[in-house]
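Below: the structure, in structure tokens.
Protein chains: 2
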Amino acid sequence: MTDSLENFRRTHYSKEVKPEMKDQEVVLMGWIHEMRDLGGIIFVLLRDRDGVTQVTAPSKKISPELFEELKKLKKESVIAVKGRVQESGKAPGGVEIIPAELKLLSESKLPLPLDTTGNVHAEIDTRLDSRFIDLRKHNVSAIFKIKSRMLHSVRNFLESEDYTEVNTPKLVASATEGGTELFPITYFEREAFLGQSPQLYKQMMMASGFDKVYEIAPIFRAEEHDTLRHLNEVISIDVETAFTDHLDAMDILEKMVVNAITEVKNNCQDALETLEFNLQIPETPFPRIEYDEMVEMVNTAGVPMKHGEDMSRAAEKAMGDIMDGYYFITEWPTAIKPFYVMPNPENPVKSCAFDLMYKDLEISSGAMRVHNHDMLLNKLKEKGLNPDSFSRYLAAFEYGMPPHAGWGVGAERFTMTMTGLKNIRETVLFPRDRRRLTP
Amino acid sequence: MTDSLENFRRTHYSKEVKPEMKDQEVVLMGWIHEMRDLGGIIFVLLRDRDGVTQVTAPSKKISPELFEELKKLKKESVIAVKGRVQESGKAPGGVEIIPAELKLLSESKLPLPLDTTGNVHAEIDTRLDSRFIDLRKHNVSAIFKIKSRMLHSVRNFLESEDYTEVNTPKLVASATEGGTELFPITYFEREAFLGQSPQLYKQMMMASGFDKVYEIAPIFRAEEHDTLRHLNEVISIDVETAFTDHLDAMDILEKMVVNAITEVKNNCQDALETLEFNLQIPETPFPRIEYDEMVEMVNTAGVPMKHGEDMSRAAEKAMGDIMDGYYFITEWPTAIKPFYVMPNPENPVKSCAFDLMYKDLEISSGAMRVHNHDMLLNKLKEKGLNPDSFSRYLAAFEYGMPPHAGWGVGAERFTMTMTGLKNIRETVLFPRDRRRLTP
């Protein structure tokens, strides 16, 4: 078996090998992207994380043993090549490697379950079944480079704004919003659920004196949706801030969005180019449209919508046709928002809730919260929820709870806005939906 | 109701108010830590995230209405105070605030379920039941400031080492290691499980060309343990690196640990002082003790242990008595490590697995992995596991899988080493164990 790494270590990634490095010895490692055997000369395109380098093996310049080894190589096998850099006008990056040593680290079976050259179209389900191969395509890995950078920049921004990261439990005893969209778990002899949102926990943290908290973690929703915008497990970016209101929350959300987009634009140029997506840094402040105004706009666009209703998909699409980028919808009816949303003190039929939209896609929901215990208890009851199920949560409002506001952003939907992708499955390594639980 | 924030906003935190700010108008917000009403003068200690400031209200200097409002305040209520800074030799931080305006934002019920002054001892269960009050104590919040900083520095370190953050699913169709320590979920009409580790996913990512990945996310183990070192939901810091072996993995782990400790020591001085913990930056390289040598040390210490056995708690304690800080245990018997651990090629009875210990506490397990498909299949079968349950995972080893190595660090245990705490429950905001599912 020739699959041992031994003392071979990569010295460079493909994109780091430059013509200036002429005659330098390098060790490259990666997958065999393409092979051409012209008899007296073999060309191997070696692909690694960020690029491709040509290994050029003329039979006259290398040992017969090495030439034979190269001849036997198969597509998508993993190799390590030690060799010298040579300038080449024709090869990618203007360089080629003349090999001196080769290690076959892992041989690929053929045929592949999925094409890696990007020339053959594959359905999303076929791609997800063999996700590890799908991700070898640079236009797929680009999505996750952008998502990773986005998450990193969100965290750095929130830390710079003095937020503390918290980890709240995903195993919970009762529902956040009393909904039926929960996955039940057997927790030893008891029934428990998977957290559909850290909402109640981040609110309890507001009574702890932490003031500014964030969490980036999975949430789980047992929704039976089968759309391009829903999954049953996603990453939620959750923020809660004490001693502030919904207007402050919108400001920090807006800043976070612009900062993340700017960071992605500045740091993921290659990935954006690979995706052929022209990422625009949005202007601030984002337009703020009151709910009533939105209903008028939707109706004017020919989509029937009554005041007091939630947005239908058709209404979202109508707004998406009118609005080009990010915008807030504010002043939502209290009746269609969760119990913990603060009613507008001057007109309690309206609420201090907002949604952040990108075209026709809801990116975030947020609000100022009810912080008065008795009002919260009444609102729970009004929604038909059992206060006993919320006793630990309600207790946090009895011993000094500051006013607070916050929001949650769907990391995958946010990634969709930065990549131009239309199917949320594209933005998750191993998506979970109604039908898919593997790989 | 007087609970509205209106246009009041905090201008400073307690610790930011300095004697140099004499006569400056400030707005502080927080909880009433203590009250003293001496008749003609009222002292209010206002506590916020990082400190305490004295509000001094002499009846002669403030309006009668404000004096009456102050008189009525109760401990742990939430207030906002606008006032002027005055120097004071006796008050904390050398300053006091002479109030001009007061807002009662949230009134606390009395008596409190938990003392906040730190003078009354409470059992951990009582504290966890009212965690939101427990966290108001600066010696409790200090733990989570350290944990948050640790996580932040781990991420920054890994990003600086060119690692990409990944999010792998927590809803899985089969067990990672075939164990019985899984929480079952009802996933629509199917059975699924909660991920006990991202092991199989981070390995599949090695076949994708991402090369260096990390994930910081919850893991779930249905262990019936009732110890000071186990919980059923914890945060795991997972790293996997392609084209490297276990020695490389140990190096990166060691660097990550030292970097995180250094960052915590440099940025969390107040928190460490509050905890009265003298955090030491460990010297590198950490001692590396082979398994066989460890067995001898344990036996010499009077604790019986046979070669080939896993460490008992008594064995861990014996090692903890001998070793003062961090150390690796290497060359573990292949037979007691999971199927995906690479056997030592020169002596397959031993493996390329390591544990990182801190005194008597296991902080991390890691290894070079098997990357050869047929060897992996055989090892699965040897462990009595059904290869059909692992078909999607095994497929990733058939089409070019580079050699790789990695580890997982328990974020809570790592936090224990940075705080001197002995009960893992202290390091989790809302812990989950055999008995506890709330709050």
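Heads up: the protein sequence lines correspond to chains A and B, in order. Letter by letter, the first sequence follows residues 36 to 474 of the working numbering. Letter by letter, the second sequence follows residues 36 to 474 of the working numbering. Where is the CB? At the ideal position from N, CA and C, for every residue including glycine.
Counting C-beta atoms within 10 angstroms of its own C-beta, D280(A) has 16 or more neighbours from the protein chains shown and is therefore classed as buried.
With contacts defined by Cβ atoms closer than 9 Å, P54(B) and L101(B) do not form a contacting pair. With respect to chain A, the C-beta atom of P383(B) has no partner C-beta closer than 9 Å. At least one CB atom of chain B sits nearer than 9 Å to the CB of L140(A). Considering only E104(B), R171(B) and Y236(B), the residue with the shortest C-alpha distance to L464(B) is R171(B). About 7 Å separates the beta carbons of M185(A) and F449(A), which is inside the 8 Å limit, making them a contact pair.
Per DSSP, reduced to three states, the secondary structure at V189(A) is helical. Neighbourhood of D38(B) in chain A, by CB distance below 8 Å: H406, N407 and P438, in chain order. G445(B): member of the beta strand (DSSP E) spanning H439 to G445, first to last residue. At the C-beta level, E275(B) and N202(B) stay beyond 9 Å of one another. W66(A) has R82(A) and V113(A) as its beta-bridge partners, per DSSP.
In the three-state reduction of the DSSP assignment, V293(B) falls in the helix class. Here D85(A) has Y48 and K50 as same chain residues with Cβ atoms under 6 Å from its own Cβ, once five neighbours each way along the sequence are excluded.
Taking a C-beta cut-off of 8 Å against chain A, none of the residues of the stretch 92-108 of chain B qualify. Counted as a single uninterrupted DSSP element, the alpha helix (DSSP H) harbouring D169(B) occupies residues R166 to D169.
Only those residues of the stretch 221-252 of chain A whose C-beta falls short of 8 Å from the nearest C-beta of chain B are listed: T221, Y222, F223, R225, A227, L229, Y236, M239, M240, A242, S243, G244, F245, D246 and A252. Contact between the stretch 442-462 of chain B and the stretch 397-414 of chain B is present, with at least three C-beta pairs closer than 8 Å. Apart from the 5 residues on each side of it in sequence, H68(B) sits with its Cβ closer than 6 Å to the Cβ of L80, R82 and V87 in its chain, given in chain order. Interface residue (Cβ-Cβ distance to chain B less than 9 Å): E69(A) is not classified as such.
Closest option to L140(A), judged by alpha-carbon separation, among P148(A), A115(A) and I270(A): A115(A). In this structure S183(B) is buried. Its beta-carbon is surrounded by 16 or more other beta-carbon atoms within 10 angstroms. Burial is judged here by how many other beta carbons sit within 10 angstroms of a residue's own beta carbon; A370(A) has fewer than 16 and is exposed. Classified as exposed, S426(A) has fewer than 16 neighbouring CB atoms from the shown chains inside 10 Å of its CB. Of all residues in the stretch 370-399 of chain A, only P380 place a beta-carbon less than 8 Å from a beta-carbon of chain B. In summary, S195(B) is exposed, with fewer than 16 beta-carbon neighbours lying within 10 Å of its beta-carbon over all protein chains present.
DSSP places E136(B) inside the beta strand (DSSP E), whose first and last residues are V130 to S141. As DSSP reads the structure, A277(A) sits in a beta bridge with H439(A). Taking 9 Å as the threshold, the shortest C-beta distance from I76(A) to chain B does not fall below it. Taking 9 Å as the Cβ-Cβ cut-off, the stretch 414-440 of chain A approaches chain B at S426, R427, Y428, A430, A431, F432, E433, Y434, G435, M436, P437 and P438, given in chain order. Residues of the stretch 120-137 of chain B that bring their beta carbon within less than 7 Å of a beta carbon in chain A are absent altogether. E397(B) carries a strand assignment under DSSP once its states are collapsed to helix, strand and coil. The Cβ atoms of E41(A) and G118(A) do not sit closer than 9 Å to each other. Only residues of its own chain outside the window of five on either side were considered, and among them T199 have a CB closer than 6 Å to the CB of F245(A), listed in chain order.
Within the stretch 219-272 of chain A, the runs of beta strand (DSSP E) at least 3 residues long that lie entirely inside it are, in chain order, 219-222, 225-229 and 247-255. For V292(A) against Y361(A), the beta-carbon gap comes to about 6 Å, under 8 Å, which counts as contact.
V113(A) belongs to the set of residues whose beta carbon lies under 9 Å from a beta carbon in chain B.
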